[in-house]
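In the numbering used here, the protein residues as written are 47 to 396.
Backbone N, C-alpha and C fix where the C-beta goes; we use that ideal spot for every residue, glycine too.
One structure is given below, encoded as structure tokens.
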């Protein structure tokens with residue numbers, strides 16, 4: 047879910063954290079909870095007092111309260127958390143059964159794939175269109191692909207091809223543009239080396255291809271961490287360089303492909319585009335009003351339902367408790383001292 051969404055649980059790490067919930071230390075989890083609570087309270091009070099304008103979109107609570115949220119993922123790839131009825135998983139917006147609408151493969155790429163021996167797997171490599179690979183990194187990646195263990199199709203923009211060797215290994219083919227869904231649908235492609243952008247992960251898992259993830263920045267970090275946690279791939283450290291043994295690990299262990307295909311089947315169960323359209327139509331008709339929960343109604347409902355009134359009471363009680371205890375102890379000591387002095391006075395008079 048988007049980290050700024052009001053429905054996200056307090057223990058869900060923000061997008062700049064590359065570990066999943068179960069991987070965080072006690073101090074890290076505490077910091078995440080404090081960060082999210084402060085963020086959510088700030089958004090609630092900022093919206094209530096008018097500090098956050100309506101134009102701020104999802105940052106303004108009043109703007110999103112009672113609205114339908116469509117999440118183009120599934121619980122198996124999201125953080126485990128309780129979500130209200132108006133938050134609906136639909137799976138990714140990709141129809142793997144209708145590839146006719148997907149851009150065709152460049153003929154030279156098709157020709158290379160056709161030349162791959164039947165017993166050799168193909169690894170598809172793409173770092174997306176935003177990340178810029180240095181010449182040193184391109185040179186390093188090229189060196190990792192030497193050998194006959196697998197064949198490689200690498201989508202690399204022309205502006206980043208300066209680091210390529212003059213003579214590529216015969217098992218490697220580089221092209222400046224390759225439609226990712228089209229090549230992932232090719233049965234010869236067994237592994238996707240990816241930066242773990244949202245679309246790349248969705249397309250790869252929908253087509254049952256495991257991922258070797260090398261996240262660079264932003265939401266790529268948690269995407270990669272959750273993917274590895276699901277068992278459909280492995281995640282390297284952020285901005286680390288590609289290693290051949292990582293690719294071989296996923297190629298040689300069939301459980302990664304099995305998990306990716308299982309998640310792909312789950313994607314279909316959540317309905318995709320058709321279910322998203324059905325939910326939007328139901329929302330337009332007003333049918334979803336019956337799913338509105340108290341947190342979607344008002345700030346006070348959210349405050350009381352989440353038990354923050356009890357927390358405030360407990361905080362006040364805990365702050366006053368030391369005073370009550372110390373007053374009680376002083377009272378007891380004063381009574382004992384008075385009784386002792388009284389007994390001493392009686393003994394002296396006797």
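Asked                                                                                                             : Found
Alpha-carbon spacing of residue 215 relative to residue 188, whole angstroms                                      : 8 Å
Short CB-CB distance (under 9 Å) between residue 312 and chain C                                                  : Absent here is chain C; the protein component of the structure consists of one chain.
Exposure label - residue 59; buried when at least 16 CB within 10 Å                                               : buried
Proximity winner among 95, 294 and 87, relative to residue 168 (alpha-carbon distances)                           : 294
CB of residue 271 within 9 Å of CB of residue 69, strictly                                                        : yes
Euclidean distance between Cα positions of residue 260 and residue 292                                            : 10 Å
Rounded C-alpha distance that separates residue 302 from residue 368                                              : 56 Å
Exposure label - residue 193; buried when at least 16 CB within 10 Å                                              : exposed
The beta strand (DSSP E) enclosing residue 238, as first and last residue numbers                                 : 235 to 240
Residue 361, buried or exposed, once every other Cβ within 10 Å from all chains shown has been counted against 16 : exposed
Inter-stretch contact (C-beta, 8 Å, three-pair minimum) for the stretch 303 to 314 and the stretch 240 to 258     : yes
Residue 266, enclosing alpha helix (DSSP H) - first and last residue                                              : 266 to 276
Alpha carbon of residue 79 to alpha carbon of residue 273, nearest angstrom                                       : 22 Å
Rounded straight-line distance, which links the Cα of residue 387 to that of residue 379                          : 12 Å
Identity of the residue in 327, 240, 56 and 339 nearest residue 175 by Cα                                         : 240
Bridge-paired residues (DSSP) for residue 172                                                                     : 201 and 240
Exposure of residue 359, with buried meaning 16 or more beta-carbon neighbours within 10 Å                        : exposed
Cβ contact (3+ pairs, closer than 8 Å) linking the stretch 198 to 214 and the stretch 122 to 134                  : no
Three-state secondary structure assigned by DSSP to residue 221                                                   : strand
Where the beta strand (DSSP E) through residue 279 begins and ends                                                : 279 to 281
Integer-rounded CB distance, given that residue 296 should sit under 8 Å from residue 258                         : 5 Å
Pairwise C-alpha distance: residue 277 and residue 63                                                             : 19 Å
Within 9 Å, strictly: CB atoms of residue 306 and residue 255                                                     : yes
Residue 287 - DSSP class collapsed to helix/strand/coil                                                           : coil
Under 9 Å between C-beta atoms of residue 326 and residue 179                                                     : no
Alpha-carbon to alpha-carbon, residue 238 and residue 160                                                         : 18 Å
Cα-Cα separation between residue 224 and residue 252, rounded to whole angstroms                                  : 18 Å
Buried versus exposed call for residue 375 [16 or more other C-beta atoms within 10 Å across all chains shown]    : exposed
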